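UniProt numbering numbers the first residue of the sequence shown as 1 and each following residue consecutively. Here is the structure we will look at.
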Amino acid sequence: MARIIAIANQKGGVGKTTTCVNLAASLAAMKQRVLLVDLDPQGNATMGSGIDKYAIERSIYDVLVHRAPVTEVICRAGESNFDVLPSNSDLTAAEVELIDVDHKERRLRAALIEASAAYDYVLIDCPPSLNMLTLNALVAADGVIITMQCEYFALEGLSDLMRTISRIADSVNADLQIEGILRTMYDPRNSLTNEVSNQLHSHFGSKVYRTVVPRNVRLAEAPSHGVPAMYYDKYSRGSKAYMALAGEIIRREEKLASQRGEAVAGITE
């Protein structure tokens, strides 16, 4: 079964979509089978993956309201070698249509069950707010990657998100945990950046990824070309950062799998 990871932050403009698209491409380049789920009505992850959100006949909206199964909606992200469950503005209607539906927060989780066996990783791009769509993502996920800038107000937003994750883990998804903290738009020359980064390490320890994503023009330009940064400029600092992040995530997962195997072996002895 796939490792399902939501990429989230209740604050906008912190690199969630950039991370989702470029991490998907980097994991795929490392021979991992990847599905990107665009759960934002803006459809930026869809467009950034090279899929025209205005041309698609079906989207994640159709999956959530049970108009189509996941397998009929998934698209291929061209040369990037990962799959996409696309989104567009139709998704804004999903919350209204699901208001009186039982177990509405579990719709995405149920949908991914039939698809996840075909993948190693499922990455969910969350909208920048705590709504029914984000709740669906967190209920479906095994872990959350929190993207954040190293600035003062980002710490406040992080506290809010931590409380949200804790409430969901206590109520509807006991397996939910923080996968990691990713520092984005990182500038080590800034003293506040270093101060906040140190606070993160102090509080979260090994949950903070060693990889940092720098401010990088190529990362900002790539979406307008409909490709991840590694297919726009593979030598850019941004591309190299996401390849490093993919490697770090794979190594962490391999270590956890090994620990789980040792624990099972210990129980059966």
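No residue lacks a Cβ here, since even glycine has one placed at the ideal position from N, Cα and C. Please read these numbers as outputs of a predicted model, since none were measured by experiment.
Residues sharing a beta bridge with I145, DSSP: I7 and G180
Collapsed DSSP secondary structure at I124 in the structure displayed: strand
Selection from S206, G205 and L182 that minimises the alpha carbon distance to V212: L182
Candidates I168, I60, G238 and Y152, of which the one nearest G43 by Cα: I60
Test item: CB-CB of residue 271 and P86 under 8 Å: Past the boundaries of the shown model lies residue 271; the chain is included only from 1 to 269, so the question cannot be answered.
L35 - containing beta strand (DSSP E), residue span: V34 to D38
Cβ distance (whole Å) where A246 is taken to contact S239 below 8 Å: Rounded, the Cβ-Cβ distance is 11 Å, inconsistent with contact.
Range of the contiguous alpha helix (DSSP H) that encloses D90: Neither: D90 is in no alpha helix (DSSP H) and is coded neither H nor E.
Identified DSSP bridge partners for R76: D83
7 Å Cβ shell around I7 - same chain, five flanking residues per side excluded: K16, T19, C20, L123, I124, D125, C126, I145 and T147
N-terminal and C-terminal residue of the alpha helix (DSSP H) that Y152 is part of: Y152 to S171
Rounded separation between I56 and T71 - CA only: 14 Å
Y242, DSSP secondary structure in three states: helix
Beta-carbon spacing of A2, Y121 below 8 Å: yes
Beta-carbon gap between S89 and P41 smaller than 8 Å: yes
Straight-line gap, N194 to R252 (C-alpha atoms, nearest Å): 25 Å
Per-residue DSSP class, three states only, for residue 348: Here the chain comprises residues numbered 1 to 269, so residue 348 is not present and cannot be evaluated.
Distance, M162 Cα to R58 Cα: 33 Å
Close-in-space but distant-in-sequence residues of the same chain around R33 (CB under 6 Å, 5 per side omitted): Y119 and D120
Sub-8 Å separation of G143 and I5 beta-carbons: yes
6 Å Cβ shell around C75 - same chain, five flanking residues per side excluded: I51, V84 and P86
Between the CA atoms of M243 and L23 - distance to the nearest angstrom: 7 Å
For Q149, the nearest candidate out of A141, A169, L192 and L133 (CA to CA): L192
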